[in-house]
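Read top to bottom, the protein sequences are chains A and B.
Counted from 1, the first sequence has number 538 at position 538 by this note's numbering; the numbering is strictly sequential.
Counted from 1, the second sequence has number 643 at position 30 by this note's numbering; the numbering is strictly sequential.
Think of the CB as a built atom: it goes at the ideal place given N, C-alpha and C, for glycine as much as any other residue.
Here the structure comes first, spelled out in structure tokens, and everything after it is commentary.
Number of protein chains: 2
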Amino acid sequence: MSVLVDGGGGWHGVRMRSLLLSRRDLDFLLNDWLQVEKLTSRPRFADHDSDTFSAVLDLAEEVATEHFAPHRKLSDASEPEFDGERVHLPAEVGDALRVLAGTGMIGAAMDGSVGGMQLPQVVAQACFLWLHAANVGTAAYPFLTVANANLLLAHGSPEQVDTWVRPMLEGRFTGTMCLSEPQAGSSLSDVTTRAEPRPDNTYRITGTKMWISGGDHELSENIVHLVLARIPGSPPGVKGISLFVVPRFLVGPDGALGERNDVVLAGLNHKMGYRGTVNTLLNFGEGRYTPGGEAGAVGYLVGEPNQGLAQMFHMMNEARVGVGGGATALGYAGYLHALDYARTRPQGRPAGAKDPSAPQVPLVAHADVKRMLLASKSYVEGALALVLYCARLLDEERTADDAADRARAHLLLEVLTPVAKSWPSQWCLAANDLAIQIHGGYGYTREYDVEQLYRDNRLNAIHEGTHGIQAIDLLGRKVVMQGGAGLTLLAETIRATTARAVDADGTAAELAAALDAAVTRIVGVTATLWAAGDPEVSLANASVYLEAVGHVVVGWMWLEQLLAAGDRPGDLYDGKRAAARFYLRHELPRTGPWLDLLASVDRTTVDMKDEWF
Amino acid sequence: MSVLVDGGGGWHGVRMRSLLLSRRDLDFLLNDWLQVEKLTSRPRFADHDSDTFSAVLDLAEEVATEHFAPHRKLSDASEPEFDGERVHLPAEVGDALRVLAGTGMIGAAMDGSVGGMQLPQVVAQACFLWLHAANVGTAAYPFLTVANANLLLAHGSPEQVDTWVRPMLEGRFTGTMCLSEPQAGSSLSDVTTRAEPRPDNTYRITGTKMWISGGDHELSENIVHLVLARIPGSPPGVKGISLFVVPRFLVGPDGALGERNDVVLAGLNHKMGYRGTVNTLLNFGEGRYTPGGEAGAVGYLVGEPNQGLAQMFHMMNEARVGVGGGATALGYAGYLHALDYARTRPQGRPAGAKDPSAPQVPLVAHADVKRMLLASKSYVEGALALVLYCARLLDEERTADDAADRARAHLLLEVLTPVAKSWPSQWCLAANDLAIQIHGGYGYTREYDVEQLYRDNRLNAIHEGTHGIQAIDLLGRKVVMQGGAGLTLLAETIRATTARAVDADGTAAELAAALDAAVTRIVGVTATLWAAGDPEVSLANASVYLEAVGHVVVGWMWLEQLLAAGDRPGDLYDGKRAAARFYLRHELPRTGPWLDLLASVDRTTVDMKDEWF
């Protein structure tokens, strides 16, 4: 299955359609809808114009297609191996990362002053989508490095930025996030890794971290671990967790690599998918190395003690929207592969056709295949709109002229983040599932691409906070904080869109009316659930709430796209109208029973006893 | 992850709960509900009693647990390999099959006169469920052998039965089903394999067959391929397809193996799951061998020419219910693994708990985990009831005293078969997905069992007729044939159950009322869809129809279980009542929007143009 689709005219010439993402759709969303070129009137983006945005998207597609996609299967089949000394990965992974580093794209959204491109988040997000669609196993290394660098840029000292962030942007160092421990996955308050202070203001870290992607490899000169740990005497729970830089190799004042730190690979996890990303169990301070002649891994406190979780949360929206983006990219690639297959594979005859000697028609001619493709299109294009909208809110939060606008963007993003993380992880995975189904038996084989895309995407509902965690974040925190201001803002924002559909044609008007009714129900159901008075009962069906809100939010994204398409002629716009119609008729109605269930304050799960299973 | 759960008292002593299936649930369904012991009053089963049924279930569990489950992971990791000469499989596969053959269970449901145990289908089905739950990769070999043998028992000559079926029941031969071709998967009317008649009443077969499970290996002395092919001059389409026995080795009149037939392995498929089952591309008559000095693979016609598809369809209900059974078994095993993990893995504290130094609670204490477990329980136990009910209908169809009863069972089974095949393939797969989610990051690793169970189960919505094919079978054929008699019978049968709930308590009465309303809607929607007059439009949302009918049918299975449980005290019955309540509140309401969509005779998919994607 070739994913190389260069039409021969180069990346700036005439392109064939990619099987990774649709640049046509990206351009529609970024330019026609989100009007990203308007951002260039803001001081932060003044050096850019729509041409530079377009050029960096071209570059991202080129790097993704020529350097990431070709070894997607290889990385899946040749999992990282540890020989007791070193972790082995296919050489193509390092080659791709070097090419990427050369483009400067790791710092796409970061300040020019630290070596970044200072692009809007929404453009940077679109660039990373290409990498994820092409090869999520390889893209995870820069993705984590960016998350790590952002955290240090926000909370680290200038020296920490110089020592760790600059080499990460240059591609010499990579970064990890070390949160979970074997006994503490979703429950970070149970983190037990210790950080003993030393007189020289460093710390010695001891403990074990689990699920550390990119935790050990030789793709970079150094690995910068960001580690959550407890300083002795800190309060119990999440209020006593601090954040530390713990590098694989210590670095001297001149930036030269020094002694090996005591961070030791304790094991590799062998996963269903995402196999190109080495995922590790790491021991800190197990005694293999004794940097400076002392026990414990050397760590450097980031910011103030006991602020670790707050610092993490500060970056959480961006990271979680990023996970939603990765899920979207994988679903989108699956959809495009399925579409390509459905257009080229002859099979059977349409319902009602009687002549068995007539030639077979392509799969796409069958209504049920069109149904699966339309469903997929409505999922992946809806999710793409959502993650770009959220990335645009990140820009708004940081660069809007008016403080009130920035605050509003921040609040709306707080509410939308669990949805932007979870909805694509659920429904773009559903698109990957449909892509297998459309391929039939071939889709179940590893000779084709779609089963890997499914396996890769299955992780996204788990990492960076599971579905259930996102659900509790939404219903237990985001819609109730500040007296419910977040939910009120979301409702107002959706209604601002539906109000614009007053004079619209059939689908837009119908969709707007359905969304208005759904928003009213969500507001009512939220109040009903919290009026119950018992958090366990209120939150018992939080996942159903998350799914209902998610389906309504994506319905709103479809109305936004409909309004942006207007009545313009052309396949792109006809496609948007058809997918919006599909979403209105096949998808949005799912929310009815979910909201009914929530409104009933159902106790079925709460009342269930363990011994009845 | 141990699946060996022998409690030390032997298989007939005190058992710990299995992680494969629940014997307690099986006993409830078979004895309390379906009352299988009553079958022993029929002549065919007169040699059995409830003790022999129980003993064979014990034996199936023992073989599954001790001989099939232990190499499930090994078979997944050590895929079949072809070295150019032979196909290599782990030795454990052959060992397990020899143990199974020794029990006589391959012929569990077949006549004593050909070496079978002559057990009811419903008991035989339950036995095979254990094997599927333990190791579907290994279970596929006897599963296909049974399907093959059943076809020959129904349509073959006495000589064919002696030559091919008896050795299959003894475990010396295995069988395959060769339907699909590379260019004809779902579309059997496009089969092109040729069968040239020879003067000695044999045929010479030439062509290529795709997706042939068990098509080449050395697990048995011989492989008996059942091949669909066209005799020159036959009508085009499905009316010109005949069925042939094409063995790997010819067999002499004395039963001794003779010449190698010209059936040649052309390639192996590498799958997402089900990896223990060798899946092949086979060339018939490519010229590698020339049995009897002639070109073409030697084949023997089964029954009359051009009856191939009808013969296949004759066995289709049984095979498709069997696929649903396999899907159920995999989902059930996933559920039990997730339940075991949720009970033993501490993680976090319940919603509302404030003290971070309190000990962590097991996962099962969280409402969202209980929700996922309850959903899974409602899927796998609902599916188990459905496949056993259908297997019971097979017995009824064949052994009921009264011809009218037999005809009614046949008709009801015709309608239920697409549901029994598809619903478990969709929703027990959903249970496998939830099992991964309940395990969190661990569930995504191959160190645990649940991701393999997911991958294995993903095939079931594809083989033996995809979801879309089942949907067209249901809406395009089963509910309209005989003037809609099948749908009428289904509605009557469901209403006979709901009528028994008149005096029931809350859940049963509510569920009965909801089912009555849903049945009325299905009947109405079916009429509306066909009143549209255009098969393409009527069938455009056939998959939605299948899902709606499926969810209602399983709701009916839950009402049946509720009524069988009555108000008896005990965890088993409390669990049945809780799962039925969950299904009533969380699952059955999904059908509302589906039926609304169908009632609207939605044209979204029909009107979609290829170029709009």
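Quiz item: Is the beta carbon of A/Y274 less than 9 Å from the beta carbon of A/A140?
Solution: yes
Quiz prompt | Residue range of the alpha helix (DSSP H) that includes A/I469 | solution = H467 to D473
Quiz item: Near B/M723, what residues of its chain come up, given a Cβ to Cβ distance below 6 Å and the 5 sequence neighbours on each side ignored?
Solution: G729
Practice problem: Taking a Cβ distance cut-off of 8 Å, strictly less, list which residues of the region 1070-1089 of chain B are near chain A, in chain order. | Solution: R1071, L1072, A1074, I1075, H1076, T1079, H1080, G1081, A1084, I1085 and G1089
Quiz prompt | A/A579, enclosing alpha helix (DSSP H) - first and last residue | solution = D571 to F582
Quiz item: Under 9 Å Cβ-Cβ, which residues of chain A neighbour B/M885?
Solution: I436, G443, Y444, T445, R446, E451, Q452, Y454 and R455
Quiz item: Shorter than 9 Å from the beta carbon of A/F82 to some beta carbon of chain B?
Solution: no
Practice problem: Count the C-beta pairs between the region 389-399 of chain A and the region 447-460 of chain A that are closer than 8 Å, then say yes if the count reaches three, no if not. | Solution: no
Quiz item: How long is the line joining the alpha carbons of B/L1103 and A/T520, rounded to whole angstroms?
Solution: 39 Å
Quiz item: Is there a Cβ from chain A that is less than 9 Å from the Cβ of B/N919?
Solution: no
Quiz prompt | Alpha-carbon spacing of A/D648 relative to A/S543, whole angstroms | solution = Since the first residue of chain A shown is 1 and the last is 613, residue 648 of chain A is not available in this structure.
Self-check item: Option nearest B/D953 by Cα separation, candidates B/V911, B/I1049, B/Q648 and B/L647
Solution: B/I1049
Exercise. Give the straight-line distance between the Cα atoms of B/A1212 and A/T193, rounded to the nearest whole angstrom.
Key: 59 Å
Self-check item: Exposure label - B/K990; buried when at least 16 CB within 10 Å
Solution: buried
Quiz item: The beta strand (DSSP E) with A/I205 in it runs from where to where?
Solution: Y203 to S213
Quiz item: Going by other Cβ atoms of all chains shown within 10 Å of its Cβ, with 16 needed for buried, is B/A955 buried or exposed?
Solution: buried
Quiz prompt | With 16 other Cβ atoms within 10 Å as the buried cut-off, status of B/G798 | solution = buried
Quiz item: Which one or two residues does DSSP pair with A/V264 in a beta bridge?
Solution: A/N283
Practice problem: Please state whether DSSP places B/R843 in a helix, a strand or coil. | Solution: strand
Practice problem: Please confirm if A/R575 has its CB atom under 9 Å from at least one CB of chain B. | Solution: Note on identity: in this sequence residue 575 of chain A is Gly, with Arg being the wrong assignment. Yes, because at least one Cβ of chain B sits closer than 9 Å to the Cβ of A/G575.
Quiz item: Is the shortest distance between the beta-carbon of A/W211 and the beta-carbons of chain B less than 9 Å?
Solution: yes
Exercise. Compare the C-beta of B/A1117 with all C-beta atoms of chain A and state if any pair is closer than 9 Å.
Key: no
Self-check item: Assigned secondary structure, A/L97 (DSSP; H/G/I helix, E/B strand, else coil)
Solution: helix
Quiz item: Given A/D602, which residues of its chain have a CB within under 8 Å of its CB, disregarding the five upstream and five downstream residues?
Solution: A540 and N541
Quiz prompt | Proximal residues of chain B, C-beta to C-beta of A/E536 below 8 Å | solution = P963, A964, G965 and A980
Quiz item: Closest by CA to A/G308, which one among A/P120, A/A195 and A/V36?
Solution: A/A195
Quiz item: Should A/I162 be flagged as near chain B, meaning a C-beta pair shorter than 9 Å?
Solution: According to the sequence shown, residue 162 of chain A is Asp rather than Ile. A/D162 does not count as touching chain B.
Practice problem: Select from the region 579-599 of chain A all residues with a C-beta closer than 8 Å to any C-beta belonging to chain B, and list them in chain order. | Solution: R581, F582, R585, H586, P589, R590, G592, P593, D596 and L597
Quiz item: What did DSSP end up calling B/L914 once you bin it into helix, strand or coil?
Solution: strand
Quiz item: Does any residue of chain B bring its CB to less than 9 Å from the CB of A/S18?
Solution: no
Quiz prompt | Cβ neighbours of A/L34 in the same chain (closer than 8 Å, five flanking residues each side left out) | solution = V122, L388, Y389 and R392
Quiz item: How about B/K1091: is its C-beta nearer than 9 Å to some C-beta of chain A?
Solution: no
Quiz item: Looking at the C-beta of A/Q360, does it have a partner C-beta in chain B at a distance below 9 Å?
Solution: yes
Quiz prompt | Cβ-based burial, A/S2 [other Cβ within 10 Å; buried from 16] | solution = Annotation note: pLDDT 36 at A/S2 (below 50); position unreliable, no value reported.
Self-check item: the region 1010-1017 of chain B contacting the region 1173-1188 of chain B, beta-carbon criterion three pairs below 8 Å
Solution: no
Practice problem: Can you tell me which of the three DSSP states B/G886 falls into? | Solution: coil
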